[in-house]
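Student: One structure is given below, represented as structure tokens, and several questions about it will come after.
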Amino acid sequence: MSAGTDVTTSLTGDVVFTATPERRALREAAAAFTRREIAPHLQEWEDAGALPRELHAATAKAGLLAVGFDEAVGGDGGDLLDSVTVSEGIFEGGGSGGIIASLFTHGIALPHIATAGDPDLVDRFVRPTLAGETIGSLGITEPEGGSDVASIRTRAVRDGDHFVVNGAKTFITSGTRADFVTTAVRTGGDFTPGQGHGGVSLLVIEAGTPGFTVDRRLEKMGWHCSD
189 MSAGTDVTTS
199 LTGDVVFTAT
209 PERRALREAA
219 AAFTRREIAP
229 HLQEWEDAGA
239 LPRELHAATA
249 KAGLLAVGFD
259 EAVGGDGGDL
269 LDSVTVSEGI
279 FEGGGSGGII
289 ASLFTHGIAL
299 PHIATAGDPD
309 LVDRFVRPTL
319 AGETIGSLGI
329 TEPEGGSDVA
339 SIRTRAVRDG
349 DHFVVNGAKT
359 FITSGTRADF
369 VTTAVRTGGD
379 FTPGQGHGGV
389 SLLVIEAGTP
399 GFTVDRRLEK
409 MGWHCSD
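For this note's numbering, count along the sequence shown from 1 and bump the result up by 188.
Below is the structure:
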């Protein structure tokens, strides 16, 4: 569905109103922000292979970074269609797919934490990321198993108040700039083909944790400004 369309029909036949005055204003605001703050620098960032951290803070200040997240966890409110509207505005203003992937990686790094609702985790990771102060990423894909979550081999074993994690991830969006990685790990039994999702947990692992390393930024065929 497009925010530029007044009315659309869902698969169930329900009429859905998408282009409300508020969404039109949101799309225009996102496009104007992009023309002013992103488009003039986009080629520089594409060549560098990463976005400046300052862009996250500027996007948050403009009220665009946290759209789709509940105000109770530091978000700007709104729903999926509002998030799509922001993306449409950014493309309209001259942004790229790499901008969307990297600037809004918190869209895949934070929902699990926000939904779990632990106040400490929300305050440590969700609020500062939605304020543009920190950057999060989601660590699923592995060198051997790809993005098959049921086949991950990264293992986490509890040791007192901590977990000892052994494994590797690859193709992690925003992985070289991230302050933390919401990481899929196996806390259940040993890996066996076809085991399914049982025994898979999510741990928030902060960059700088002893033993945590980032090898290098990967060269890609596109989305160059998304590290």
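From the three backbone atoms N, C-alpha and C, an ideal C-beta is built for every residue, glycine too.
Under 6 Å Cβ to Cβ from E280, same chain only, skipping five residues before and after it: list those, please.
Tutor: Only A219 meet the Cβ criterion.
Student: Let me confirm a value: A297 is counted as buried when at least 16 other C-beta atoms fall within 10 Å, else exposed. Which label applies?
Tutor: Result: buried.
Student: Quick test of the definition: if touching needs 3 or more C-beta pairs under 8 Å, does the segment 278 to 293 touch the segment 341 to 358?
Tutor: With a cut-off of 8 Å, the segment 341 to 358 and the segment 278 to 293 do not count as touching, because too few Cβ pairs lie within range.
Student: Sorted by chain position, which residues of the same chain lie with C-beta nearer than 6 Å to L253's C-beta, five sequence neighbours on each side aside?
Tutor: If we look at L253 and ignore the five residues flanking it on each side, its Cβ neighbours are T247 and G320.
Student: When DSSP builds the beta bridges, which residues end up paired with H350?
Tutor: In the DSSP output, where bridge partners are listed per residue, H350 has D347.
Student: Between D267 and G277, what straight-line distance do the alpha-carbon atoms span, to the nearest angstrom?
Tutor: Roughly 16 Å separates the two Cα atoms.
Student: Using the Cβ count rule (16 or more neighbours within 10 Å means buried), how would you classify E332?
Tutor: By the 10 Å Cβ count, E332 comes out exposed.
Student: Quick test of your reading: T293 and S362, contact by CB under 8 Å. State the CB separation rounded to the nearest angstrom.
Tutor: That pair is a contact at about 4 Å.
Student: When you compare only the Cα positions, how much space is there between H412 and S335?
Tutor: Distance between the alpha carbons of H412 and S335: 21 Å.
Student: Between the Cα of G285 and the Cα atoms of A227, D270 and S389, which residue gives the shortest distance?
Tutor: The residue with the shortest Cα to Cα distance from G285 is A227.
Student: What three-state label does DSSP hand T197 in the structure shown?
Tutor: Per-residue confidence for T197 stands at a pLDDT of 45, beneath the threshold of 50, marking its modelled position as unreliable; no derived number is given.
Student: So the candidates are D308, T358, L309 and I393; which of them puts its Cα closest to the Cα of V352?
Tutor: Selected option, being the one with the closest Cα: I393.
Student: H350: buried (16+ other C-beta within 10 angstroms of its C-beta) or exposed?
Tutor: The residue in question, H350, is exposed, as its Cβ has fewer than 16 Cβ neighbours within 10 Å.
Student: State the DSSP-derived secondary structure class of L252, mapped to helix, strand or coil.
Tutor: Here L252 sits in coil by DSSP.
Student: Please classify D415: is it buried, with 16 or more other beta-carbons within 10 angstroms of its beta-carbon, or exposed?
Tutor: It is buried - the Cβ of D415 has at least 16 other Cβ atoms within 10 Å.
Student: Looking at the structure shown, is S275 part of a helix, part of a strand, or coil, going by DSSP?
Tutor: DSSP places S275 in helix when its eight states are reduced to three.
Student: Express the C-alpha separation of R312 and I323 in angstroms, rounding to a whole number.
Tutor: The alpha-carbon atoms of I323 and R312 are separated by roughly 12 Å.
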